[in-house]
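Colleague: First the structure, then my questions, so here it is.
There are 2 protein chains.
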Amino acid sequence: MATRKLFRQFWRPVSKLCTGELAATPIRRTIQTSAKHAHPFPGKEHIRPPPKRNGQILALTGGGVLTIILGSQLAYPSHEKSAPAPPPSHETTTNPRTLSEPETQPVLKEGIQYYRLDEIRSHDGASARPWVTRGTSVYDITDWIPAHPGGDVILRACGGSLDPYWDIFSIHKRKDVYEILEEYKIGEISPHDLVDGKLPAATVPDPFIADPERDPRLLTLTARPRNAETPSEGLSPFLTPTPLFYVRNHMWVPPVSADEHSLTITLPSGDEKTYTLEDLKSRFRTHTVTATLQCSGNRRADMTRAVPDKGTNGLQWEAGAISCAEWTGVKLRDVLADAGLDLASPGPDAKHAQFEGAEAYGASIPLSKVLDSQGDVLLAFGMNGAPLPADHGFPLRVIVPGNVAARSVKWLKKITVSDEESTTQWQRRDYKCFGPNVAKPDWSQAPSIQEMPVTSAITRIQRPSSGGKVNVEGYAYSGGGREIVRVDVSIDAGKTWAQAELMGDEGKGSKSWWWKRWRFEIPDEGDRGGEVLVKATDESYNTQPEDYRGIWNQRGNLSCAWHGVHVGPGEGVKGGKGGDGGGGV
Amino acid sequence: MATRKLFRQFWRPVSKLCTGELAATPIRRTIQTSAKHAHPFPGKEHIRPPPKRNGQILALTGGGVLTIILGSQLAYPSHEKSAPAPPPSHETTTNPRTLSEPETQPVLKEGIQYYRLDEIRSHDGASARPWVTRGTSVYDITDWIPAHPGGDVILRACGGSLDPYWDIFSIHKRKDVYEILEEYKIGEISPHDLVDGKLPAATVPDPFIADPERDPRLLTLTARPRNAETPSEGLSPFLTPTPLFYVRNHMWVPPVSADEHSLTITLPSGDEKTYTLEDLKSRFRTHTVTATLQCSGNRRADMTRAVPDKGTNGLQWEAGAISCAEWTGVKLRDVLADAGLDLASPGPDAKHAQFEGAEAYGASIPLSKVLDSQGDVLLAFGMNGAPLPADHGFPLRVIVPGNVAARSVKWLKKITVSDEESTTQWQRRDYKCFGPNVAKPDWSQAPSIQEMPVTSAITRIQRPSSGGKVNVEGYAYSGGGREIVRVDVSIDAGKTWAQAELMGDEGKGSKSWWWKRWRFEIPDEGDRGGEVLVKATDESYNTQPEDYRGIWNQRGNLSCAWHGVHVGPGEGVKGGKGGDGGGGV
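Quick mapping for you: the protein sequence lines, in order, are chains F and V.
Residue numbers for the first sequence follow this note's numbering, so the first one is 314 and each next one is one higher.
Residue numbers for the second sequence follow this note's numbering, so the first one is 314 and each next one is one higher.
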């Protein structure tokens, strides 16, 4: 089957909670499409053709993927003034129900179309003509959807208000975006449904409605989306108790039914195969792999404190954006083979495995990691012996051991084997590193973070009530399944070092995908106090840099210099509750 | 087939040229043996049983591997005084030829057996009763050979003098070793063959007789064995010209005939299969892989200078113990499969691939590296498009891309798939790293070096005769096939950094087994001068430590801190000829 590459303009849709640069500029991406899929929205073939500008075509194609050719100089698709679009057609234009309800007597202005909320709700993402509201205005965005730079996540808002989503994707709050939206305005929300001229809060959909209750011991950085780190007590066990496993959500937790959920795999040939959860469980051998997941921003707060004049962009994690669990599922390579991929000779177009989650997040990994018989990439449905919880991808998550957790896409619904990386911002931009001099990165010049460098942290300080030795403990971890072979501790600012005791935890898997716990006793310095430093070495004998002079980067990623904690009066692990056995991180 | 583990005492046989500690202490190793091989020296079944001591048996078993049980408290196998061994039997004892040659009239003392050199020569390593001489004494060491801690390398000396070998393996020059040898004395060299009471130099075998001529541009650290680094001009091309490829020999270059050379593979089952060079070339698919090889001691001199009060043990390499070549051969995994190993399920005893060279050197790698379809472990017979030269393993060398070069065993003659690492000192001791506080390492507590950490170096400074910018260039490399993604350069002691230009060299292979060349222009500081610093980052975003505070180790291994070179008056890369385009390293 012939495939075509088209350019698609897209925006970084996430707020400063998730991204490094609010003044984002658009970048271009290429998307592979398949000619056999005639239209992304079946049953809506007769919509208005996409607008032209500067002589370039907004080309609408199919394959379940929105694809548009845009001039790279376009900040946002606009609309041709010289050929105004025909007025949108609405089933209810001729007889809006707002005018036929006499029991209330709102102020209705002449010449304005009014719509009741229940009608608006019927124009949801599954309808033939999706509508949205913003403030009290109503928009039929049917014709805009194919051009939406953020993809079909916009359907999530249809049938209701855009406002709560734009509060998340704040990049939309710009004059040019408002202007585009106004072109699709069809009327106003009926005053019958307004209170004091506004939509009552209860009628505004909550994108986070499926977010679960969380353990209150988690150290929450942001509530919506939820980002919360593991407290000190959760960092002590080898396997993190599931309720204390750190939470890193880029958006909301999508409502997913295990019975209805399916995974669709698309190969470079265009062949697709869809699996239910039951298919995966019953047709493939089950494996359990122990893997530590770590956010690329773990310990970012360290870097920020070390370079206060520059700071960093991103969630200010302390040392708890890392956890370890046993994951149970089937090997992705087995499923890809079943889907028709020749593992021994996958072909020149099979270079990356792109993952899409049900909420809109996406990322990719090199296919070589999947094909590696020692790579252990899982389609996981279990975590620590139980089904995946909602926060960690229920009912299906890809687990990429040894890689940054951002590639272990939750609520997995689609895998595309492609010749290019995922085109999302999370693949092409946010999760990268640049030199300490780089203020305006050329994102194409750095590889996306996959394996992570060696790191370590002090997570707890315990002082026996009777005095004596102070017990210091923590973790060390390296990417790529490289085992930690040594942890060095210094109490004299790095002049001399001693080796910490390494715990002998054994995980499951082809390589050491898990962290190493360590502990060390230091003399009680009493009133004097001092700083304890830790650094780790992995089996490749890579080690951590001493400070942030050489690794500072604007995004604050991969903050892995020697970790130091003050012990003595006022002691405590930063970001937590302090020492004496309760130090959070 | 049942396998047994036996303990074997062994010594570090190599002089201070190759090892870190002359006052070496013995360690214990386990060796897998196979009962089906009755005796390591076929045809010599009737030798004296190995001696006992402290109630422990020196057990002689087979499998082509010498195996002995020794008490761990034994510094060296000794001999039971209470049960003296029967006198050695010699074919010539009753009629030594030295007494039947009247044409010379040397002084012969009564009661001493004299032997002529030609008779001694007939007792070489292939004979039924190997002899050696030391000084003017003659020893029948037939019964000692199975107990020799250094393995059958001792056969290399048989039929002639031990002295040149003990000059290399100077660990033997100890009273207890002399005492053991004296127990095997059978007589003296005939005075007919002595000049001024000594063996004439021409009659003493030269272990290095097969060593080739070397390019005089190589920077030689030691002549015997030859250890020489690549000069600056050799570090500039992507592929190092073969004559300038650095030479790291632990011993002599063994005389090997391509026609007669063979490779024997032993599996855990005990099954053996032997391949001629022609077998390998004709029966398996040929691959070419580009791989940088680097000594674990590369840049050791940097570490030594940085910690002058402690220093380091080992060859004081500058930054030229590294080179890059294209290697052509067959994949070891293909040959192991042919030899009968089930690659998909090799069994619990198949954990390491042990390699033995024809000169006596040995090392091993994890079998997982061999089984990895992206591991590219080659049995190489070609280098840069020509047959391997003598210094680099002619006619067969295993190439382990991404690992320390010490595992790419030259003059390869034997591969054993085992449940344990090679028992040589080069696997169990020398090539390891310990914390900067460790003076007396517990060798068992650190993993042998396999993949190497990220490093970089400045190799050339070029100043245009007309003034202006100064061109600085060098290499960056990381182990495990991890590509170098960024090289940072600083001219203000690391306060600020800029990115060097990376050369776009593309090698051959499943991963980036090759170095990355880089260049950078700095202002000509004229009379002021200053230091240029370089550091690299690999695709796992590991980077180099700033200095040696945290990575110093007694062996001086993996010296990979930021590399600095003085530019300006008196400029030059240390260890070489200096700047202005001719800086050697």
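Ideal placement from N, C-alpha and C gives every residue a C-beta, glycine not left out.
Drop a sphere of 10 angstroms on the beta-carbon of Gln857 (chain V), count the other beta-carbons inside from all chains shown, and report buried for 16 or more, exposed for fewer.
Modeller: Flag for Gln857 (chain V) reads buried.
Colleague: Straight-line CA distance for Thr346 (chain V) to Gln667 (chain V)?
Modeller: Because Thr346 (chain V) sits at a pLDDT of 30, beneath the cut-off of 50, its placement in the model cannot be relied upon, and the point is left open.
Colleague: Would you kindly report the start and end of the unbroken alpha helix (DSSP H) that includes Glu495 (chain F)?
Modeller: Counting along the chain, the alpha helix (DSSP H) containing Glu495 (chain F) begins and ends at Lys488 to Glu495.
Colleague: Locate the beta strand (DSSP E) running through Ile771 (chain V), then write down its first and last residues.
Modeller: Its beta strand (DSSP E) spans residues Thr768 to Gln775.
Colleague: According to DSSP, what are the bridge partners of Tyr790 (chain F)?
Modeller: In DSSP, Tyr790 (chain F) forms a bridge with F:Thr768.
Colleague: Which residues share a DSSP beta bridge with Pro700 (chain F)?
Modeller: Paired residues: F:Gly695.
Colleague: Mind checking which residues open and close the alpha helix (DSSP H) that includes Ile646 (chain F)?
Modeller: For the record, residue 646 (chain F) in the displayed sequence is Arg; it is not Ile. Arg646 (chain F) -> alpha helix (DSSP H) spans Leu645 to Ala652.
Colleague: Report the rounded CA-to-CA distance for Glu404 (chain V) versus Asp592 (chain V), giving the unit in angstroms.
Modeller: Any reading at Glu404 (chain V) needs caution, since the residue's pLDDT is 36, under 50, leaving its predicted position unreliable; the model's value is listed next. Near 41 Å, if we compare the C-alpha coordinates of Asp592 (chain V) and Glu404 (chain V).
Colleague: Scan the segment 748-775 of chain V for residues whose Cβ lies nearer than 9 Å to a Cβ of chain F and list them as they occur along the chain.
Modeller: Correct list: Gly748, Pro749, Asn750, Val751, Gln758, Ala759, Pro760, Ile762, Gln763, Glu764, Met765, Pro766 and Val767.
Colleague: Can you check whether the C-beta of Leu379 (chain V) is within less than 8 Å of a C-beta belonging to chain F?
Modeller: Because the pLDDT of Leu379 (chain V) is 28, which lies under 50, any placement of that residue in the model is unreliable, and the number read from its coordinates should be weighed accordingly. So no, Leu379 (chain V) is outside the interface.
Colleague: Show which residues of chain V have a CB atom less than 8 Å away from the CB atom of Leu871 (chain F).
Modeller: Under the 8 Å cutoff, chain V gives Tyr854.
Colleague: Is the segment 749-765 of chain V in contact with the segment 806-816 of chain V, if contact means three or more CB pairs nearer than 8 Å?
Modeller: Contact between the segment 749-765 of chain V and the segment 806-816 of chain V is absent, because fewer than three Cβ pairs lie under 8 Å.
Colleague: Going by CA-CA distance only, name the one from F:Arg776, F:Gly883 and F:Trp831 that's closest to Arg841 (chain F).
Modeller: Considering only alpha carbons, the answer is F:Gly883.
Colleague: According to a CB-to-CB cut-off of less than 7 Å, which residues of the segment 795-829 of chain V neighbour chain F?
Modeller: Listed by position along the chain: Val798, Arg799, Asp801, Gly807, Thr809, Trp810, Ala811 and Gln812.
Colleague: Between Glu734 (chain F) and Arg741 (chain F), is the Cβ-Cβ spacing less than 8 Å?
Modeller: The answer is yes: Cβ separation under 8 Å.
Colleague: Excluding the five sequence neighbours on either side, which residues of its own chain have a C-beta within less than 7 Å of the C-beta of Met616 (chain F), listed in chain order?
Modeller: Hits under 7 Å: Thr625, Tyr861, Trp865, Gly869 and Ser872.
Colleague: Which residues in chain V have a C-beta closer than 9 Å to the C-beta of Cys746 (chain F)? List them in chain order.
Modeller: Within chain V, the residues near Cys746 (chain F) are Val798, Arg799, Thr850 and Tyr854.
Colleague: For Phe597 (chain F) versus Asp647 (chain F), is the C-beta distance shorter than 8 Å?
Modeller: It is a contact, given that the beta carbons lie within the stated cut-off.
Colleague: Taking buried to mean at least 16 other C-beta atoms within 10 Å of its own C-beta, is Val878 (chain V) buried or exposed?
Modeller: So Val878 (chain V) counts as buried.
Colleague: Grab me the residues of Trp739 (chain V)'s own chain with a C-beta within less than 8 Å of its C-beta, minus the 5 sequence neighbours each way, in chain order.
Modeller: Once the five neighbours on either side are set aside, the close Cβ partners of Trp739 (chain V) are His563, Tyr674, Gly675, Ala676 and Ala719.
Colleague: Classify Glu884 (chain F) as helix, strand or coil using the three-state DSSP reduction.
Modeller: Residue state, collapsed to three classes: coil.
Colleague: Going by beta carbon distance, what residues of the same chain come within less than 6 Å of Leu475 (chain V), once the five residues before and after it are set aside?
Modeller: So the qualifying residues of the chain are Val445 and Arg447.
Colleague: Exposed or buried, Ser570 (chain V), counting other C-beta atoms within 10 Å across all chains shown (16 or more means buried)?
Modeller: Under this definition Ser570 (chain V) is an exposed residue.
Colleague: Note down the Cα distance separating Ser413 (chain V) from Tyr428 (chain V), rounded to an integer number of angstroms.
Modeller: Legend: pLDDT at Ser413 (chain V) = 46, less than 50; position of this residue unreliable, value from coordinates given subsequently. Approximately 11 Å, taken between the alpha carbons.
Colleague: Unbroken beta strand (DSSP E) runs of length 3 or more, entirely within the segment 496-535 of chain V: which are they?
Modeller: Those beta strand (DSSP E) runs which fall completely within the segment 496-535 of chain V and span 3+ residues are 498-502 and 532-535.
Colleague: Would you call the CB atoms of Arg795 (chain V) and Ser853 (chain V) closer than 8 Å?
Modeller: The answer is yes: Cβ separation under 8 Å.
Colleague: Once the 5 residues before and after Ser575 (chain V) are set aside, which same chain residues still bring their CB inside 6 Å of it?
Modeller: Correct list, in chain order: Thr587 and Thr589.
Colleague: When DSSP labels each residue in this structure, what does Gly547 (chain F) get in the three-state scheme?
Modeller: The answer is helix: DSSP assigns Gly547 (chain F) an H, G or I state.
Colleague: Of all the options F:Thr850, F:Val730, F:Lys623 and F:Glu546, which has the alpha carbon lying nearest to the alpha carbon of Thr768 (chain F)?
Modeller: Nearest of F:Thr850, F:Val730, F:Lys623 and F:Glu546 to Thr768 (chain F), Cα basis: F:Thr850.
Colleague: In this structure, does DSSP put Gly464 (chain F) in helix, strand or coil?
Modeller: DSSP places Gly464 (chain F) in helix when its eight states are reduced to three.
Colleague: Run the proximity test for Ser769 (chain F): is its beta-carbon closer than 7 Å to any non-hydrogen atom belonging to the ligand MN?
Modeller: Here there are no bound small molecules, and the ligand MN is not part of this structure.
Colleague: Quick one, which of F:Val690, F:Arg830 and F:Leu725 has its alpha-carbon nearest Ile771 (chain F)'s?
Modeller: Checking every option, the nearest Cα to that of Ile771 (chain F) belongs to F:Arg830.
Colleague: Evaluate contact between the segment 552-559 of chain V and the segment 500-511 of chain V, counting only Cβ atoms and requiring at least three cross-stretch pairs below 8 Å.
Modeller: Touching, no.
Colleague: Is the shortest distance between the beta-carbon of Ile864 (chain F) and the beta-carbons of chain V less than 8 Å?
Modeller: So, interface residue.
Colleague: Tell me which residue opens and which closes the alpha helix (DSSP H) that Glu585 (chain V) is part of.
Modeller: Glu585 (chain V) -> not in any alpha helix (DSSP H); beta strand (DSSP E) instead, spanning Glu585 to Thr589.
Colleague: Curious, which full-length beta strand (DSSP E) runs of at least 3 residues does the segment 592-653 of chain F contain?
Modeller: Complete beta strand (DSSP E) runs here, min 3: 599-607 and 635-644.
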